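Undergrad: A single structure is presented below for examination.
There are 2 protein chains.
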Amino acid sequence: MSARLPTIGLMLGDVTGIGPEICAKLLAAGAVRKDAQLAVIGDARVLELGARDAGVELAWRRYETLEAIDWSRAGVPLIDLGNVDPAQFKRGAASAESGRLTGETLKHMIDLALAGHLDGICFAPLNKGALHQGGWKFQDEHQMFAQLTGHHGFFGEMNVIKEFSTFRVTSHVALREAVNMITPERITAAISLAHDTLRAAGQRAPRIAVAALNPHGGEGGLFGDEEIRVIRPTVEKMRAGGIACDGPIPSDTIFHKALRGEYDGVVVMYHDQGQIATKLLGFNKGVTVTAGLKTVFTTPAHGTAFDIVGQGKADPGALEHALRLAARLAAARLH
Amino acid sequence: MSARLPTIGLMLGDVTGIGPEICAKLLAAGAVRKDAQLAVIGDARVLELGARDAGVELAWRRYETLEAIDWSRAGVPLIDLGNVDPAQFKRGAASAESGRLTGETLKHMIDLALAGHLDGICFAPLNKGALHQGGWKFQDEHQMFAQLTGHHGFFGEMNVIKEFSTFRVTSHVALREAVNMITPERITAAISLAHDTLRAAGQRAPRIAVAALNPHGGEGGLFGDEEIRVIRPTVEKMRAGGIACDGPIPSDTIFHKALRGEYDGVVVMYHDQGQIATKLLGFNKGVTVTAGLKTVFTTPAHGTAFDIVGQGKADPGALEHALRLAARLAAARLH
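Protein chains in written order, with numbering that gives the first Met the number 0: chain U, 0 to 334; chain Y, 0 to 334.
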């Protein structure tokens, strides 16, 4: 019948943040046990720190390699990299060295994925500034994952909230540059990515809304003609090709339509078009996915929450959602 | 002590929409009676239609001119233009002829204001498409008001919701053009307009947040440098000049700060930056002000609501808020 369960690697996040404790909380509760083979890749000392912070009993078992894991045995399997000593770091503050090690652990996991041993990677919150200062000089972690997995072509950040998911035609570029990147090729790629990823996430027939670029959708060409020249023809071509997409829809109504349940995905033209909306709608409880790469990457949308580190009160809800989504997206590739 | 009450002209909105009925509802309830001398400028037949739709008894009294009004007498004063016969129009549908007449009534009111007989104009919902088709060929009603009042210099749309108000550096222009209009002069003008208008609206010491243009506020110049070159120096200069403003603040956090009560006004760089947020936060119940002109103009943010016209169930709340704001802004100019 169905293929084997996907193997998901869980990365404990930056040791200075709430990552270790929310991971320990979920692992102790046996999260996603039915949907994935879950292994922690990291340092045993960080996992134990997380269990202490969270106030949970956590049975874990060390393995040398993922292939060596006996998935039928109790206890959380751990590949102990032995690279992060929590005693070296002040909790609740960014550290370049911790950022360097966060990148090192992620790199190790990506190598495991490239070798075919991991189907997906879910990582607890990392500190982007620390990662950058620690020598991982990418514009964002998505660029890092794309480069380390040797990806060529379109990929992108998917932002998932309860009501809908957003996909971007352009992301971390100046707005002045973004308007020049609104091309049929990129819009086509973003709609395809939305369609494929939403299907992999379990939507049989995803309905996709495509945003306009200009105010009032350009008001018939009065305030910009990208809608007429580029966006509408591209959307129509995709729809003729069998993808359920509508647009261009002006930015100030598209999210209302998605909220009312008319769409599963929203393709936005630029970063803030989507982020203003999702952040106001509680994206902090949502999930970020790097969509379009060979390997599935998911992470909770919230950050390291330095202000509440070590108090055992951090909410593991978004991480659980990220883990489930990693399992679902990875499973779709196995079938 | 205080000067006379401001005289506010109420325009009944497009006859095909819910304007007449929400006006009648408020007038019957004696709205803003303590804060303004309120006169209806329009057609008696439209006012009576509104009263029938709303199911209210409305006493009104016809005057030839505003100067002739005896404000001590009971009954709503009406300057009967006799120009709109409701029998000529299908309710709940846009009509170019109705749009033409809506513009004509507004033009008449503006002339009254320019002659010193009205201090402010509040108009019930009009249909922008109908207005345009009716021969009033402006990009929006704000441009129309500016031209008809002979205004030169900066002015702009202010969008008011319960929690805060937004002001725009650019508005109804293509996004591609908007990025070229982010200049120290326009930002300075928008911050000044925000400061002055919020003070006139009753905020003694308004706190103003100024949005960034680029994602993550440009991430230190990595994704655009307008923040470094233009926005930050301008905000700092204004602050040194005694205006309480902060920024640039990235678009995906600025509205959270304003929602938490940290700011009274948000200056946005482009139309959708503000509209995505305010529309998600219930702007439909808010008010739009044309700020910066000699005459005060306010209107409810919602539209003509063609789907519920004539049923007496349209909510007059936003129009009441618009009337109050017109009275307050106009009063500030008299003192």
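Even for Gly, the Cβ is constructed at its ideal location relative to N, Cα and C. A quick note: this is a predicted structure, and the numbers were derived from the prediction, not measured.
At a Cβ threshold of 7 Å, is Arg332/Y touching chain U?
TA: So, not an interface residue.
Undergrad: Report the three-state DSSP secondary structure of Thr287/Y (helix, strand or coil).
TA: Three-state result, Thr287/Y: strand.
Undergrad: Start and end of the alpha helix (DSSP H) containing Gly18/U?
TA: Per DSSP, Gly18/U belongs to the alpha helix (DSSP H) from Gly18 to Ala27.
Undergrad: Taking only three categories from DSSP, how would you classify Ala193/U?
TA: Reduced to three states, the DSSP call for Ala193/U is helix.
Undergrad: Which same chain residues, not among the five before or five after Met108/Y, have their C-beta less than 7 Å away from its C-beta?
TA: Correct list, in chain order: Gly8, Met10, Ile40, Leu117 and Ile120.
Undergrad: Run through the DSSP bridge pairs and tell me what Gln36/U is partnered with.
TA: For Gln36/U, which the question treats as bridged, DSSP gives the partners Thr6/U.
Undergrad: Helix, strand or coil for Pro339/Y per DSSP?
TA: With chain Y covering only 0 through 334, there is no way to say anything about residue 339/Y.
Undergrad: Would Val45/U and Val83/U be called neighbours here (beta carbons separated by less than 7 Å)?
TA: Contact: yes.
Undergrad: Against Gly223/Y, what residues of chain U qualify as contacts under a CB-to-CB distance less than 7 Å, listed in chain order?
TA: By Cβ distance, chain U contributes Ala173, Leu174 and Arg175.
Undergrad: In its own chain, which residues sit with a C-beta less than 8 Å from the C-beta of Phe88/Y, not counting the 5 before and 5 after it?
TA: Cβ neighbours of Phe88/Y beyond the five flanking positions: Val14, Thr15, Ser94, Glu96 and Ser97.
Undergrad: Which word fits Gln36/U, buried or exposed, when buried means at least 16 other C-beta atoms lie within 10 angstroms of its C-beta?
TA: Buried is the call here.
Undergrad: Considering only C-alpha positions, which residue in the set Ala199/U, Glu66/U, Asp79/U and Phe137/U is nearest to Val288/U?
TA: Nearest C-alpha to Val288/U: Ala199/U.
Undergrad: Using only CA atoms, which one of Asp271/Y, Thr297/Y and Lys293/Y lies nearest to His215/U?
TA: For His215/U, the nearest C-alpha among the options comes from Asp271/Y.
Undergrad: Starting from Pro247/U, follow its DSSP beta bridges and name the residues at the other end.
TA: Per DSSP, none; premise fails for Pro247/U.
Undergrad: Going by CA-CA distance only, name the one from Ile227/Y, Val209/Y, Ala243/Y and Arg99/Y that's closest to Gly133/Y.
TA: Answer by Cα proximity: Arg99/Y.
Undergrad: Quick one: using the 10 Å Cβ neighbour count with 16 as the cut-off for buried, is Ser71/Y buried or exposed?
TA: With fewer than 16 other Cβ atoms within 10 Å, it is exposed.
Undergrad: Apart from the five residues just before and just after Ile17/U, which ones in its own chain have a Cβ nearer than 7 Å to its Cβ?
TA: Here the set comprises Pro124, Thr303, Ala304, Ile307, Val308 and Ala313.
Undergrad: Going along the chain, which residues of the region 295 to 308 of chain U sit with their C-beta nearer than 7 Å to a C-beta in chain Y?
TA: Within the region 295 to 308 of chain U, no residue qualifies.
Undergrad: For Thr64/U, does the count of other Cβ atoms within 10 angstroms reach 16, so buried, or fall short, so exposed?
TA: Its Cβ having fewer than 16 others within 10 Å, Thr64/U is exposed.
Undergrad: State buried or exposed for Leu324/Y, treating a residue as buried only when at least 16 other CB atoms are found within 10 Å of its CB.
TA: Per the 10 Å Cβ criterion, buried.
Undergrad: Using a Cβ cut-off of 7 Å, which residues of the region 134 to 167 of chain U contact any Cβ in chain Y, in chain order?
TA: Those would be Gln138, in chain order.
Undergrad: Using CA coordinates, which residue listed in Glu225/U, Arg206/U and Ile207/U is at the minimum distance from Asn213/U?
TA: Out of Glu225/U, Arg206/U and Ile207/U, Glu225/U has the C-alpha closest to the C-alpha of Asn213/U.
Undergrad: Return the bridge partner residues of Phe296/U from the DSSP annotation.
TA: DSSP, once it has assigned bridges, lists Ile120/U and Thr289/U as partnering Phe296/U.
Undergrad: If you run the structure through DSSP and keep just helix, strand and coil, what is Thr15/U?
TA: Thr15/U falls in the coil class under three-state DSSP.
Undergrad: Scan the region 264 to 276 of chain Y for residues whose Cβ lies nearer than 8 Å to a Cβ of chain U and list them as they occur along the chain.
TA: Residues passing the 8 Å Cβ filter: Tyr269, His270, Asp271, Gln272, Gln274, Ile275 and Ala276.
Undergrad: With distances taken Cα to Cα, identify the nearest neighbour of Gly311/Y among Leu25/Y, Arg238/Y and Ala193/Y.
TA: That would be Leu25/Y, whose Cα lies nearest to the Cα of Gly311/Y.
Undergrad: Are the region 228 to 243 of chain Y and the region 172 to 183 of chain U in contact at 8 Å, needing three or more beta carbon pairs?
TA: No: fewer than three Cβ pairs fall under 8 Å.
Undergrad: Beta-carbon separation of Asp34/Y and Ala326/Y under 7 Å?
TA: It is a contact, given that the beta carbons lie within the stated cut-off.
Undergrad: Below 7 Å between beta carbons is the criterion; list the residues of the region 198 to 213 of chain Y that meet it against any residue of chain U, in chain order.
TA: If the cut-off is 7 Å between Cβ atoms, the region 198 to 213 of chain Y has Leu212 and Asn213 near chain U.
Undergrad: Pull out every residue of the region 177 to 194 of chain Y whose Cβ sits closer than 7 Å to any Cβ of chain U, in chain order.
TA: If the cut-off is 7 Å between Cβ atoms, the region 177 to 194 of chain Y has Val178 near chain U.
Undergrad: Quick check: the region 147 to 159 of chain Y against the region 292 to 302 of chain Y, are there 3 or more CB pairs under 8 Å?
TA: Yes, they touch.
Undergrad: Got a sec, what are the start and stop residues for the alpha helix (DSSP H) Ser97/U sits in?
TA: Its alpha helix (DSSP H) spans residues Ala95 to Leu113.
Undergrad: With a threshold of 7 Å between beta-carbons, can Leu279/Y be considered close to chain U, or not?
TA: For Leu279/Y, the answer is yes, since a Cβ of chain U falls inside 7 Å of its Cβ.
Undergrad: With respect to the alpha helix (DSSP H) encompassing Asp271/Y, which residues constitute its N-terminal and C-terminal limits?
TA: Taken as a continuous stretch (DSSP letters only), the alpha helix (DSSP H) holding Asp271/Y covers His270 to Leu279.
Undergrad: Could you pull out every residue in the same chain whose Cβ sits closer than 7 Å to the Cβ of Ala92/U, ignoring the five residues on either side in sequence?
TA: These residues qualify, in order along the chain: Thr15 and Phe305.
Undergrad: Looking only at its chain, what residues have a beta carbon closer than 6 Å to the beta carbon of Gly29/U, apart from the 5 residues adjacent to it on each side?
TA: Contacts found: none.
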